[in-house]
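Asker:
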Amino acid sequence: MEFGSRPAAGAGMQPAADIIKDGSTASFAKDVLDASKSALVLVDFWAAWCGPCKQLTPVLEKVVRSYGGKVRLVKVNTDEHPAIAAQLRIKSLPTVYAFRDGQPLDGFMGSQPESAVRSFIDRLVGEDAEADIAAVLVAAGEALDAGDLQTAVEAYAAVLQQDRDNVAALAGLAQCYLKSGDVERAEQMIALVPSDKQDAAPVQSVRAALTLARMAGAEDNRAELEARVASDPKDHRARFDLAVALAARGAKQEALDHLLEIVACDRKWNEEAARKQLVELFDAWGPKDDLTIEGRRRLSSLLFA
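Residue 177 is where the sequence shown starts when you use the numbering used here, and the numbers rise one by one after that.
(1) Express the C-alpha separation of Glu306 and Ala322 in angstroms, rounding to a whole number.
(2) Measure the alpha-carbon distance for Val382 versus Ala347 and round it to whole angstroms.
(3) Can you tell which of Leu349, Ser356, Lys355 has the C-alpha that lies nearest to the C-alpha of Ala367?
(4) Among Ala259, Glu448, Phe458, Leu467, whose alpha-carbon lies nearest the alpha-carbon of Leu479?
(5) Please confirm whether Val420 and Asp411 have their CB atoms less than 8 Å apart.
(6) Within 10 angstroms of the Cβ of Ser212, are there 16 or more other Cβ atoms? Answer buried if so, exposed if not.
(7) The alpha helix (DSSP H) spanning Pro463 covers which residue range?
(8) Who pairs with Gln279 in a beta bridge, going by DSSP?
(9) Following the continuous alpha helix (DSSP H) through Arg413, name the residue where it begins and the one where it ends.
(10) Taking the alpha helix (DSSP H) that Asp383 falls in, what are its first and last residues?
(11) According to DSSP, which residues form a beta bridge with Asn253?
(12) Please report the straight-line C-alpha distance between Ala424 and Asp417, rounded to a whole angstrom.
(13) How many angstroms separate the CA atom of Arg390 from the CA atom of Leu354?
(14) Hey, out of Thr233, Gly227, Trp225, whose CA is closest to Leu218's CA?
(15) At the level of alpha carbons, what is the spacing between Ala427 and Asn397?
(16) What does DSSP give as the partner residue(s) for Lys197 in the beta ladder?
(17) Count the C-beta pairs between the stretch 327-338 and the stretch 250-262 that are closer than 8 Å, then say yes if the count reaches three, no if not.
(18) Nearest CA to the CA of Gly199: which residue from Ala224, Ile260, Ala431?
(19) Beta-carbon separation of Glu360 and Leu386 under 8 Å?
Below you can see the structure in the form of structure tokens.
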């Protein structure tokens with residue numbers, strides 16, 4: 177399966193004129209409050225007579241430009257626009273406030289070296305990035321559940337551009353390849369998970385699904401197995417193989433029903449193979465899947481009846 181390419185890195189970046197602006201009382205709402213809903217906005221409160229201001233402002237401009245539009249800078253001359261400084265209770269210059277979602281988030285006073293300014297911004301941008309990644313992962317999961325593999329792949333790939341070791345994104349991409357029938361690429365993707373994260377739940381879910389896909393094999397023999405079960409309902413081997421083939425091809429409800437039927441008839445058959453396979457299916461489907469919840473409930477009813 178071939179998936180479409182994503183927009184080139186840097187697409188949609190703000191032009192330099194929008195990244196650094198001279199602010200005013202009239203433009204403050206637009207340039208700071210509104211703009212901070214889509215990017216981190218720093219406000220540099222300064223004055224012409226302030227020596228430390230003249231040292232800090234060039235540093236701020238240099239660092240802000242290096243973020244390629246993720247951060248913006250608005251410079252406010254407090255002599256010309258005292259109302260804003262008074263409202264924010266600015267008591268010394270220079271003072272820098274960071275705004276996000278229309279609210280002051282953090283700040284510092286006095287001239288700072290470039291390393292300190294960059295560290296300040298990195299921390300705040302990092303918080304934004306984590307929130308963005310979490311939102312993208314949710315959207316990717318919803319697309320995957322809906323069968324929109326193209327959208328899911330693009331979303332997971334976007335996360336990996338920011339965090340190449342993100343377990344949820346790697347496992348999600350592997351699931352996409354599995355759903356497209358590309359077991360080999362799914363295996364390659366899950367192999368990229370760092371060794372210290374191999375036990376993570378999303379990874380284990382993919383591994384269980386990979387095991388299921390291998391057991392089912394490439395040949396679709398469901399019709400033959402269905403005929404065997406129809407002619408002999410107690411042919412547990414045929415029913416078991418049919419359940420595996422059904423599960424591997426997305427027929428989850430039917431697979432669940434067949435395995436539970438084996439447990440109901442002979443729970444100890446083949447060293448409890450049906451129960452063990454059900455547990456593997458639950459791992460592959462994930463704990464929140466409706467059929468996992470239903471299956472666990474029905475299995476418990478049979479085992480503890």
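Don't be surprised by glycine CBs; every beta carbon is placed ideally from N, CA and C.
Answerer: Looking at the coordinates:
(1) For this step, residue 322 is matched to residue 146 along the sequence shown. For this step, residue 306 is matched to residue 130 along the sequence shown. Whole-angstrom Cα-Cα distance: 25 Å.
(2) For the purposes of this step, residue 382 is identified with residue 206 of the sequence shown, where counting begins at 1. For the purposes of this step, residue 347 is identified with residue 171 of the sequence shown, where counting begins at 1. If you take the alpha carbons of Val382 and Ala347, they lie about 6 Å apart.
(3) The residue labelled residue 367 in the question sits at position 191 within the sequence shown. That would be Leu349, whose Cα lies nearest to the Cα of Ala367.
(4) For this step, residue 479 is matched to residue 303 along the sequence shown. For Leu479, the nearest C-alpha among the options comes from Glu448.
(5) The count along the sequence shown starts at 1 and reaches residue 420 at position 244. The count along the sequence shown starts at 1 and reaches residue 411 at position 235. No, these two residues do not count as a Cβ contact at 8 Å.
(6) Here residue 212 refers to the residue found at position 36 when the sequence shown is read from its first residue. Buried, because 16 or more other Cβ atoms sit within 10 Å of the Cβ of Ser212.
(7) Numbered from 1 along the sequence shown, position 287 holds the residue referred to as residue 463. Segment: none, Pro463 is in no alpha helix (DSSP H) and carries neither H nor E.
(8) Here residue 279 is taken as the residue at index 103 of the sequence shown, counted from 1. For Gln279, which the question treats as bridged, DSSP gives the partners Arg276.
(9) The sequence position of residue 413 within the sequence shown is 237, counting from 1. Where Arg413 is concerned, the enclosing alpha helix (DSSP H) stretches over 412-424.
(10) Here residue 383 is taken as the residue at index 207 of the sequence shown, counted from 1. As written in the sequence, residue 383 is Arg, which differs from the Asp given in the question. Here the alpha helix (DSSP H) through Arg383 covers 377-392.
(11) Mapped onto the sequence shown, residue 253 falls at position 77. For Asn253, which the question treats as bridged, DSSP gives the partners Trp222.
(12) Taking the sequence shown and counting its residues from 1, the one referred to as residue 424 is at position 248. Taking the sequence shown and counting its residues from 1, the one referred to as residue 417 is at position 241. So the alpha carbons of these two residues sit roughly 11 Å apart.
(13) Taking the sequence shown and counting its residues from 1, one reaches residue 390 at position 214. Taking the sequence shown and counting its residues from 1, one reaches residue 354 at position 178. Roughly 11 Å separates the two Cα atoms.
(14) Taking the sequence shown and counting its residues from 1, one reaches residue 218 at position 42. Cα-wise, what sits closest to Leu218 is Thr233.
(15) As a first step, residue 427 must be located in the sequence shown, where it is residue number 251. As a first step, residue 397 must be located in the sequence shown, where it is residue number 221. In a straight line, the C-alpha of Ala427 is about 14 Å away from that of Asn397.
(16) Taking the sequence shown and counting its residues from 1, one reaches residue 197 at position 21. Answer by DSSP bridge pairing, in chain order: Val250.
(17) no
(18) The residue given as residue 199 occupies position 23 in the sequence shown. Gly199 has its Cα closest to that of Ile260, out of Ala224, Ile260, Ala431.
(19) Position 184 of the sequence shown, counted from the start, is the residue given in the question as residue 360. Position 210 of the sequence shown, counted from the start, is the residue given in the question as residue 386. Not in contact: Glu360 and Leu386 (Cβ atoms no closer than 8 Å).
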